[in-house]
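Numbering (our numbering), first residue to last: 3 to 195. Ideal Cβ positions, reconstructed from N, Cα and C, are used throughout, including at glycine. Notes for the one structure printed next.
Have a look at this one:
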């Protein structure tokens, strides 16, 4: 009920809204009060976009290590889309099969900003950081087992990256990474004009 009430107030003032970490129950309750509300199960988000045809900025690349990291990547992608950006997704390119990353190096090197989502040991952020001079926003995920400690292992690896230009958001924080990437990409676009 609280989520539905908040979303209803936001929808009355804005053409877009995003509710992260939403469950199907959140969506069902909110959809009764907000027309045209959408649900993206993989991203765990409810959202609304009454201006779907507005232009989007290019320049953001999202990279994720494995398919189990996709919910966090999709949360970042939806955040970017609602903020006016068209993210380019690259998935399943973790360090356990590093050769899968090679065909995507040109896209990574042409990006204005790269978001890297990885669990387990989180080494992908350092690898990508070494391949580009763009800012890299690293997102550790709680994916993993054994000594991954619910994402703390990936978080510490990313915080200790020796690659320059890597910044880290909190564990599973796709929204925070997407929001930061949108701000950086918009500023770069502004400077380039």
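Cβ neighbours of residue i in the same chain (closer than 6 Å, five flanking residues each side left out)
i, result
"residue 36", "9, 10, 13"
"residue 178", "171"
"residue 17", "52, 53"
"residue 165", "128, 131, 132"
"residue 76", "44, 45"
"residue 168", "127, 131, 138, 140"
"residue 181", "81"
"residue 29", "41, 48"
Pair within 7 Å by beta-carbon distance, residue i and residue j
i, j, result
"residue 116", "residue 130", "yes"
"residue 64", "residue 79", "yes"
"residue 160", "residue 142", "yes"
"residue 139", "residue 183", "yes"
"residue 122", "residue 150", "yes"
"residue 84", "residue 185", "no"
"residue 47", "residue 22", "yes"
Neighbour-count burial assignment, residue i, 16 or more Cβ in a 10 Å radius
i, result
"residue 87", "buried"
"residue 32", "buried"
"residue 104", "exposed"
"residue 101", "exposed"
"residue 38", "exposed"
"residue 81", "buried"
"residue 3", "exposed"
"residue 89", "buried"
Backbone secondary structure at residue i - three-state DSSP
i, result
"residue 161", "helix"
"residue 133", "coil"
"residue 126", "helix"
"residue 185", "helix"
"residue 21", "strand"
"residue 6", "helix"
"residue 170", "strand"
"residue 120", "strand"
Residues near residue i by beta carbon distance below 7 Å, same chain, minus five either side
i, result
"residue 72", "44, 66, 93"
"residue 187", "59, 61, 62, 87, 114, 115"
Other residues of its chain near residue i: CB distance less than 8 Å, five sequence neighbours each side excluded
i, result
"residue 26", "41, 43"
"residue 125", "97, 159"
"residue 107", "133"
"residue 157", "124, 142, 170, 172, 173"
Minimum Cβ-Cβ distance from residue i to chain D less than 7 Å
i, result
"residue 37", "Absence of chain D from the displayed structure is noted, only one protein chain being present."
**OP:** For the region 23-91, list the beta strand (DSSP E) runs that are entirely contained and at least 3 residues long, ordered along the chain.
**Re:** 40-42, 47-51, 62-66
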